[in-house]
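Here the structure is laid out as C-alpha coordinates; the discussion comes afterwards.
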Amino acid sequence: MSDAIRGRSLGSAPVPLSVLDLATVGSGRTATQALGTTVELARLAERVGYHRFWVAEHHSMPGVASSAPAVILAHLAAHTERIRLGSGGVMLPNHQPLVIAEQFGTLEAMAPGRVDLGLGRAPGTDQATAAALRRGRTDGADQFPEQLAELVRFLDDDFPPEHPYSRIHAVPGPVQGRVPGGVQSDHRPPVWLLGSSGFSAQLAGRLGLPFAFAHHFSSAHTLPALQLYRQSFRPSQALSEPYAIVTANALAADDPRDAYRQALAGGLSMVRLRTGRPGLVPTPQEAEAYPFSEPERAVVEEYLSNVIHGTAETVRAGLDELAKLTGADELMLSAMGQGHDARLRSYELIAGAYAQ
0 MSDAIRGRSL GSAPVPLSVL DLATVGSGRT ATQALGTTVE LARLAERVGY
50 HRFWVAEHHS MPGVASSAPA VILAHLAAHT ERIRLGSGGV MLPNHQPLVI
100 AEQFGTLEAM APGRVDLGLG RAPGTDQATA AALRRGRTDG ADQFPEQLAE
150 LVRFLDDDFP PEHPYSRIHA VPGPVQGRVP GGVQSDHRPP VWLLGSSGFS
200 AQLAGRLGLP FAFAHHFSSA HTLPALQLYR QSFRPSQALS EPYAIVTANA
250 LAADDPRDAY RQALAGGLSM VRLRTGRPGL VPTPQEAEAY PFSEPERAVV
300 EEYLSNVIHG TAETVRAGLD ELAKLTGADE LMLSAMGQGH DARLRSYELI
350 AGAYAQ
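Note that numbering that gives the first Met the number 0 has the sequence shown beginning at 0, numbered continuously upward.
What follows is the structure in C-alpha coordinates.
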(Lines of atoms letter the chains of each structure in order from A and count residues from 1; the text may use other names and numbers.)
(Lines give C-alpha, C1' and ligand atoms only; values in the text may rest on other atoms or scores of the structure.)
Protein backbone atom coordinates (compact mmCIF):
# COMPACT_ATOMS: atom_id res chain seq x y z
CA MET A 1 0.00 0.00 0.00
CA SER A 2 3.00 2.32 0.38
CA ASP A 3 2.82 3.26 -3.32
CA ALA A 4 -0.60 4.78 -2.62
CA ILE A 5 0.86 6.79 0.25
CA ARG A 6 4.22 8.12 -0.86
CA GLY A 7 4.14 11.11 -3.17
CA ARG A 8 6.60 12.24 -5.82
CA SER A 9 8.07 15.72 -5.88
CA LEU A 10 7.97 17.62 -9.14
CA GLY A 11 10.21 20.35 -10.47
CA SER A 12 12.55 21.73 -7.82
CA ALA A 13 10.22 21.12 -4.87
CA PRO A 14 12.13 19.47 -1.99
CA VAL A 15 9.14 17.19 -1.24
CA PRO A 16 5.75 16.56 -2.85
CA LEU A 17 3.32 19.47 -2.48
CA SER A 18 -0.38 18.98 -1.79
CA VAL A 19 -3.45 21.07 -0.96
CA LEU A 20 -5.81 21.22 2.04
CA ASP A 21 -9.07 23.06 1.39
CA LEU A 22 -11.88 24.09 3.74
CA ALA A 23 -14.27 25.45 1.09
CA THR A 24 -14.12 28.79 2.86
CA VAL A 25 -17.08 31.12 2.37
CA GLY A 26 -16.05 34.73 2.06
CA SER A 27 -18.05 37.81 2.91
CA GLY A 28 -20.50 38.52 0.08
CA ARG A 29 -20.25 35.00 -1.32
CA THR A 30 -22.48 31.93 -1.12
CA ALA A 31 -21.70 28.35 -0.19
CA THR A 32 -22.41 27.44 -3.83
CA GLN A 33 -19.70 29.82 -4.96
CA ALA A 34 -17.29 28.56 -2.30
CA LEU A 35 -17.76 24.94 -3.35
CA GLY A 36 -17.36 25.97 -6.98
CA THR A 37 -14.01 27.48 -6.03
CA THR A 38 -13.04 24.19 -4.37
CA VAL A 39 -13.70 22.38 -7.66
CA GLU A 40 -11.62 24.93 -9.56
CA LEU A 41 -8.83 24.59 -7.00
CA ALA A 42 -8.79 20.82 -7.35
CA ARG A 43 -8.61 21.06 -11.12
CA LEU A 44 -5.86 23.66 -10.91
CA ALA A 45 -3.94 21.54 -8.41
CA GLU A 46 -4.14 18.57 -10.74
CA ARG A 47 -3.04 20.64 -13.73
CA VAL A 48 0.00 22.23 -12.11
CA GLY A 49 1.31 19.13 -10.33
CA TYR A 50 0.13 19.04 -6.72
CA HIS A 51 0.08 15.47 -5.46
CA ARG A 52 -3.17 15.30 -3.47
CA PHE A 53 -6.19 17.44 -2.58
CA TRP A 54 -7.82 17.01 0.80
CA VAL A 55 -10.91 18.61 2.33
CA ALA A 56 -11.49 19.05 6.06
CA GLU A 57 -14.54 18.37 8.22
CA HIS A 58 -15.86 21.34 10.20
CA HIS A 59 -19.29 22.04 11.64
CA SER A 60 -21.38 25.04 12.70
CA MET A 61 -18.96 27.53 11.13
CA PRO A 62 -20.57 29.93 8.65
CA GLY A 63 -17.27 30.58 6.90
CA VAL A 64 -16.50 26.90 6.22
CA ALA A 65 -18.63 24.85 3.81
CA SER A 66 -16.79 21.53 4.18
CA SER A 67 -19.06 19.88 6.73
CA ALA A 68 -19.54 16.75 4.57
CA PRO A 69 -16.15 15.69 3.13
CA ALA A 70 -17.41 12.52 1.46
CA VAL A 71 -20.03 14.46 -0.50
CA ILE A 72 -17.46 17.03 -1.65
CA LEU A 73 -14.95 14.33 -2.58
CA ALA A 74 -17.52 12.55 -4.74
CA HIS A 75 -18.09 15.81 -6.62
CA LEU A 76 -14.34 16.38 -6.98
CA ALA A 77 -13.86 12.85 -8.28
CA ALA A 78 -16.25 13.65 -11.12
CA HIS A 79 -14.26 16.77 -12.03
CA THR A 80 -10.69 15.43 -11.83
CA GLU A 81 -8.82 12.52 -13.35
CA ARG A 82 -5.48 11.88 -11.64
CA ILE A 83 -4.95 13.81 -8.42
CA ARG A 84 -5.40 11.94 -5.15
CA LEU A 85 -8.46 13.02 -3.19
CA GLY A 86 -9.01 12.64 0.50
CA SER A 87 -10.24 13.81 3.87
CA GLY A 88 -8.05 15.98 5.97
CA GLY A 89 -9.84 14.77 7.84
CA VAL A 90 -12.98 12.93 8.82
CA MET A 91 -13.48 13.42 12.56
CA LEU A 92 -14.10 9.80 13.44
CA PRO A 93 -15.75 10.31 16.88
CA ASN A 94 -18.56 12.17 15.08
CA HIS A 95 -19.50 9.08 13.05
CA GLN A 96 -20.10 5.36 13.26
CA PRO A 97 -17.12 3.48 11.75
CA LEU A 98 -19.36 1.40 9.47
CA VAL A 99 -20.77 4.57 7.88
CA ILE A 100 -17.28 5.90 7.12
CA ALA A 101 -16.22 2.53 5.69
CA GLU A 102 -19.25 2.58 3.40
CA GLN A 103 -18.71 6.19 2.32
CA PHE A 104 -15.05 5.73 1.48
CA GLY A 105 -15.64 2.34 -0.08
CA THR A 106 -18.09 4.11 -2.36
CA LEU A 107 -15.54 6.84 -3.12
CA GLU A 108 -12.91 4.21 -3.91
CA ALA A 109 -15.34 2.55 -6.33
CA MET A 110 -15.93 5.92 -7.99
CA ALA A 111 -12.27 6.94 -8.18
CA PRO A 112 -10.22 3.72 -7.97
CA GLY A 113 -6.74 4.16 -6.53
CA ARG A 114 -7.18 7.88 -5.85
CA VAL A 115 -8.81 8.08 -2.42
CA ASP A 116 -7.19 8.77 0.97
CA LEU A 117 -8.99 8.39 4.29
CA GLY A 118 -7.53 10.87 6.76
CA LEU A 119 -8.93 10.59 10.29
CA GLY A 120 -8.89 12.92 13.26
CA ARG A 121 -10.15 12.54 16.81
CA ALA A 122 -11.12 16.17 17.48
CA PRO A 123 -14.76 17.16 16.93
CA GLY A 124 -14.02 19.82 14.32
CA THR A 125 -16.45 22.10 16.15
CA ASP A 126 -17.58 23.20 19.62
CA GLN A 127 -18.69 20.72 22.24
CA ALA A 128 -22.41 21.51 21.92
CA THR A 129 -22.34 20.82 18.18
CA ALA A 130 -20.32 17.67 18.79
CA ALA A 131 -23.02 16.47 21.19
CA ALA A 132 -25.67 17.12 18.54
CA LEU A 133 -23.66 15.15 15.99
CA ARG A 134 -23.21 12.21 18.33
CA ARG A 135 -26.80 12.14 19.68
CA GLY A 136 -25.79 11.30 23.23
CA ARG A 137 -23.13 8.73 22.35
CA THR A 138 -20.29 8.68 24.85
CA ASP A 139 -17.67 7.03 22.62
CA GLY A 140 -15.76 10.24 21.91
CA ALA A 141 -12.08 11.02 21.53
CA ASP A 142 -11.07 8.73 24.40
CA GLN A 143 -12.31 5.73 22.41
CA PHE A 144 -10.59 6.79 19.20
CA PRO A 145 -8.16 3.81 19.06
CA GLU A 146 -11.06 1.38 19.39
CA GLN A 147 -13.11 3.25 16.78
CA LEU A 148 -10.12 3.23 14.44
CA ALA A 149 -9.58 -0.51 14.87
CA GLU A 150 -13.25 -1.16 14.13
CA LEU A 151 -13.15 1.02 11.02
CA VAL A 152 -10.08 -0.77 9.67
CA ARG A 153 -11.78 -4.12 10.27
CA PHE A 154 -14.76 -2.94 8.22
CA LEU A 155 -12.49 -1.66 5.44
CA ASP A 156 -10.62 -4.98 5.30
CA ASP A 157 -13.71 -7.08 6.02
CA ASP A 158 -11.76 -9.27 8.42
CA PHE A 159 -13.57 -9.40 11.74
CA PRO A 160 -12.81 -12.73 13.44
CA PRO A 161 -15.64 -15.32 13.31
CA GLU A 162 -16.53 -14.86 16.97
CA HIS A 163 -16.94 -11.09 16.66
CA PRO A 164 -20.55 -9.81 16.71
CA TYR A 165 -19.85 -7.88 13.49
CA SER A 166 -18.37 -10.83 11.61
CA ARG A 167 -21.46 -11.12 9.40
CA ILE A 168 -21.68 -7.38 8.72
CA HIS A 169 -19.95 -6.03 5.62
CA ALA A 170 -19.12 -2.55 4.41
CA VAL A 171 -20.31 -2.33 0.80
CA PRO A 172 -18.73 -1.47 -1.57
CA GLY A 173 -15.90 -3.51 -0.15
CA PRO A 174 -13.90 -6.76 -0.18
CA VAL A 175 -16.91 -8.99 0.47
CA GLN A 176 -18.06 -8.41 -3.10
CA GLY A 177 -15.01 -10.28 -4.32
CA ARG A 178 -15.80 -13.31 -2.19
CA VAL A 179 -19.42 -14.00 -3.05
CA PRO A 180 -20.26 -16.28 -6.03
CA GLY A 181 -19.47 -14.46 -9.25
CA GLY A 182 -17.96 -11.55 -7.38
CA VAL A 183 -15.11 -9.48 -8.78
CA GLN A 184 -13.70 -6.79 -6.52
CA SER A 185 -10.40 -4.93 -6.32
CA ASP A 186 -8.46 -5.79 -3.19
CA HIS A 187 -7.35 -2.17 -2.90
CA ARG A 188 -8.88 0.07 -0.27
CA PRO A 189 -8.24 3.71 0.67
CA PRO A 190 -5.10 4.07 2.79
CA VAL A 191 -5.80 5.29 6.32
CA TRP A 192 -3.96 8.36 7.59
CA LEU A 193 -3.98 9.71 11.13
CA LEU A 194 -4.15 13.47 11.58
CA GLY A 195 -3.19 15.36 14.67
CA SER A 196 -2.07 18.54 16.38
CA SER A 197 -0.46 16.91 19.42
CA GLY A 198 1.43 13.81 20.41
CA PHE A 199 -1.52 11.42 20.86
CA SER A 200 -2.23 10.70 17.19
CA ALA A 201 1.48 10.93 16.37
CA GLN A 202 2.29 8.10 18.75
CA LEU A 203 -0.73 6.05 17.70
CA ALA A 204 0.14 6.44 14.00
CA GLY A 205 3.69 5.35 14.70
CA ARG A 206 2.68 2.35 16.75
CA LEU A 207 0.25 1.21 14.03
CA GLY A 208 2.67 1.89 11.17
CA LEU A 209 0.34 4.41 9.52
CA PRO A 210 1.16 7.64 7.67
CA PHE A 211 0.74 10.78 9.74
CA ALA A 212 -0.29 14.36 8.92
CA PHE A 213 0.48 17.10 11.43
CA ALA A 214 -1.52 20.34 11.62
CA HIS A 215 1.42 22.74 11.74
CA HIS A 216 -0.87 25.44 10.34
CA PHE A 217 -2.59 25.85 13.71
CA SER A 218 -0.32 24.04 16.17
CA SER A 219 3.21 25.01 15.17
CA ALA A 220 4.61 24.87 18.72
CA HIS A 221 3.96 21.12 18.82
CA THR A 222 5.18 20.21 15.34
CA LEU A 223 8.72 19.04 16.06
CA PRO A 224 7.90 17.10 19.27
CA ALA A 225 4.99 15.34 17.56
CA LEU A 226 7.05 14.39 14.52
CA GLN A 227 9.85 13.11 16.73
CA LEU A 228 7.37 11.03 18.71
CA TYR A 229 5.88 9.63 15.51
CA ARG A 230 9.26 8.59 14.13
CA GLN A 231 10.49 7.16 17.41
CA SER A 232 7.36 5.08 17.95
CA PHE A 233 7.04 3.88 14.35
CA ARG A 234 6.68 0.15 13.74
CA PRO A 235 6.69 -1.20 10.16
CA SER A 236 3.35 -2.44 8.91
CA GLN A 237 1.70 -3.70 5.75
CA ALA A 238 0.94 -0.07 4.93
CA LEU A 239 4.44 1.34 5.43
CA SER A 240 7.94 0.06 5.99
CA GLU A 241 9.17 3.42 7.34
CA PRO A 242 7.54 6.64 8.58
CA TYR A 243 5.82 9.05 6.21
CA ALA A 244 4.76 12.44 7.53
CA ILE A 245 2.86 15.32 5.98
CA VAL A 246 3.24 18.78 7.50
CA THR A 247 0.39 21.18 6.75
CA ALA A 248 1.28 24.87 6.42
CA ASN A 249 -0.59 28.13 5.90
CA ALA A 250 0.81 29.59 2.69
CA LEU A 251 -0.38 32.59 0.68
CA ALA A 252 1.43 33.95 -2.37
CA ALA A 253 0.51 36.97 -4.48
CA ASP A 254 2.08 39.00 -7.23
CA ASP A 255 2.21 41.95 -4.80
CA PRO A 256 3.39 41.01 -1.28
CA ARG A 257 1.03 43.62 0.18
CA ASP A 258 -1.91 41.71 -1.27
CA ALA A 259 -0.67 38.49 0.33
CA TYR A 260 -0.43 40.25 3.71
CA ARG A 261 -3.92 41.69 3.37
CA GLN A 262 -5.32 38.24 2.59
CA ALA A 263 -3.50 36.81 5.58
CA LEU A 264 -4.87 39.61 7.77
CA ALA A 265 -8.41 38.66 6.73
CA GLY A 266 -7.65 35.13 7.93
CA GLY A 267 -6.38 36.62 11.18
CA LEU A 268 -9.66 38.45 11.73
CA SER A 269 -11.52 35.20 11.10
CA MET A 270 -9.42 33.57 13.82
CA VAL A 271 -10.20 36.40 16.24
CA ARG A 272 -13.90 35.98 15.66
CA LEU A 273 -13.69 32.21 16.03
CA ARG A 274 -11.78 32.39 19.31
CA THR A 275 -14.18 34.94 20.76
CA GLY A 276 -17.25 32.87 19.94
CA ARG A 277 -18.31 34.91 16.92
CA PRO A 278 -17.57 32.68 13.92
CA GLY A 279 -18.66 34.20 10.64
CA LEU A 280 -17.83 34.46 6.96
CA VAL A 281 -14.21 35.10 6.00
CA PRO A 282 -13.96 38.90 5.91
CA THR A 283 -12.62 40.88 2.98
CA PRO A 284 -9.15 42.39 3.23
CA GLN A 285 -10.84 45.79 3.38
CA GLU A 286 -12.90 44.70 6.39
CA ALA A 287 -9.77 43.38 8.13
CA GLU A 288 -7.80 46.58 7.51
CA ALA A 289 -10.62 48.73 8.89
CA TYR A 290 -11.30 46.55 11.94
CA PRO A 291 -10.44 48.20 15.30
CA PHE A 292 -8.47 45.37 16.92
CA SER A 293 -8.19 45.49 20.70
CA GLU A 294 -4.85 44.63 22.28
CA PRO A 295 -5.87 41.00 23.04
CA GLU A 296 -7.27 40.63 19.52
CA ARG A 297 -4.11 42.07 18.01
CA ALA A 298 -2.12 39.46 19.92
CA VAL A 299 -4.28 36.71 18.38
CA VAL A 300 -3.71 38.18 14.90
CA GLU A 301 0.04 38.47 15.40
CA GLU A 302 0.21 34.87 16.59
CA TYR A 303 -1.79 33.78 13.55
CA LEU A 304 0.30 35.80 11.08
CA SER A 305 3.54 34.44 12.54
CA ASN A 306 2.45 31.04 11.29
CA VAL A 307 1.44 32.11 7.77
CA ILE A 308 4.08 31.96 5.05
CA HIS A 309 3.05 34.90 2.86
CA GLY A 310 4.51 37.19 0.24
CA THR A 311 5.70 36.78 -3.32
CA ALA A 312 6.05 33.31 -4.79
CA GLU A 313 9.80 33.43 -4.14
CA THR A 314 9.26 34.40 -0.50
CA VAL A 315 6.76 31.61 0.03
CA ARG A 316 9.03 29.12 -1.70
CA ALA A 317 11.89 30.05 0.65
CA GLY A 318 9.60 29.65 3.65
CA LEU A 319 8.38 26.25 2.51
CA ASP A 320 11.94 25.10 1.80
CA GLU A 321 12.91 26.13 5.33
CA LEU A 322 9.91 24.34 6.83
CA ALA A 323 10.67 21.15 4.93
CA LYS A 324 14.27 21.25 6.13
CA LEU A 325 13.34 22.06 9.74
CA THR A 326 10.72 19.32 10.07
CA GLY A 327 12.11 16.65 7.74
CA ALA A 328 8.60 16.44 6.27
CA ASP A 329 8.05 13.83 3.58
CA GLU A 330 5.35 16.04 2.06
CA LEU A 331 4.02 19.57 2.54
CA MET A 332 0.30 20.28 2.37
CA LEU A 333 -0.64 23.90 1.77
CA SER A 334 -3.71 25.65 3.13
CA ALA A 335 -4.66 29.13 1.87
CA MET A 336 -7.12 30.93 4.16
CA GLY A 337 -7.50 33.87 1.80
CA GLN A 338 -10.83 35.51 1.01
CA GLY A 339 -12.62 35.08 -2.28
CA HIS A 340 -11.84 33.19 -5.45
CA ASP A 341 -9.09 34.69 -7.57
CA ALA A 342 -6.59 35.26 -4.77
CA ARG A 343 -6.67 31.66 -3.62
CA LEU A 344 -6.34 30.18 -7.09
CA ARG A 345 -3.54 32.60 -7.92
CA SER A 346 -1.68 31.66 -4.74
CA TYR A 347 -1.53 27.96 -5.57
CA GLU A 348 -0.62 28.75 -9.16
CA LEU A 349 2.24 31.02 -8.12
CA ILE A 350 3.67 28.53 -5.64
CA ALA A 351 3.61 25.74 -8.21
CA GLY A 352 5.30 28.06 -10.71
CA ALA A 353 8.02 28.97 -8.21
CA TYR A 354 9.00 25.30 -8.13
CA ALA A 355 8.57 24.91 -11.90
CA GLN A 356 6.17 22.02 -11.31
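All residues carry an ideal CB built from backbone N, CA and C; glycine is no exception.
Query                                                                                                                                                                  : Result
Compare the beta carbon distance of Pro281 and Arg260 with 8 Å and say whether it is the shorter of the two.                                                           : no
Kindly indicate which residue of Thr128, Leu43, Ser218 has the alpha-carbon position closest to the one of Gly194.                                                     : Ser218
Buried or exposed: which applies to Arg342, given that a residue is buried once 16 or more other Cβ atoms fall within 10 Å of its Cβ?                                  : buried
Round the Cβ separation of Gly363 and Ala55 to the nearest angstrom and send it over; I've been treating them as touching at under 8 Å.                                : A query on residue 363 cannot be resolved here, the shown segment of the chain reaching from 0 to 355 and no further.
With a cut-off of 8 Å on the beta carbons, I'd call Ala311 and Leu348 a contact; round off their distance for me.                                                      : 4 Å
On the three-pair Cβ rule with 8 Å, is the segment 187–203 touching the segment 111–120?                                                                               : yes
Helix, strand or coil for Phe153 per DSSP?                                                                                                                             : helix
Below 8 Å, how does it come out for the segment 167–184 and the segment 229–242: are there three or more Cβ pairs, yes or no?                                          : no
Where does Ala249 fall in DSSP's three states?                                                                                                                         : strand
Candidates Thr325, Ala249, Ala316: which alpha carbon is nearest His308's?                                                                                             : Ala249
Looking at the unbroken beta strand (DSSP E) that takes in Val306, where does it start and where does it end?                                                          : 306–309
In whole angstroms, what is the alpha-carbon distance linking Val299 and Val306?                                                                                       : 11 Å
Indicate whether the contact test is met: 3 or more Cβ pairs, each with one atom in the segment 250–258 and one in the segment 14–32, closer than 8 Å.                 : no
Short check: CB of Leu106 to CB of Ala64, under 8 Å?                                                                                                                   : no
Can you have a look at Val245 and say buried or exposed, based on whether 16 or more other CB atoms are within 10 angstroms of its CB?                                 : buried
Would you be able to state if there are at least three C-beta pairs under 8 Å between the segment 98–113 and the segment 78–85?                                        : yes
Assess, as a yes-or-no matter, whether the segment 223–230 is touched by the segment 149–159 under the definition of 3 or more beta carbon pairs within less than 8 Å. : no
Exposed or buried, Leu324, counting other C-beta atoms within 10 Å across all chains shown (16 or more means buried)?                                                  : exposed
Would you kindly report the start and end of the unbroken beta strand (DSSP E) that includes Ala211?                                                                   : 210–212
Cβ of Arg187 within 8 Å of Cβ of Asp155?                                                                                                                               : yes
In the DSSP output, which residue or residues are listed as bridge partners for Ile4?                                                                                  : In DSSP, Ile4 forms no bridge with anything.
Tell me which same chain residues have a C-beta within less than 8 Å of the C-beta of Ile71, skipping the five on either side of it?                                   : Ala22, Leu34, Thr37, Val54, Ser65
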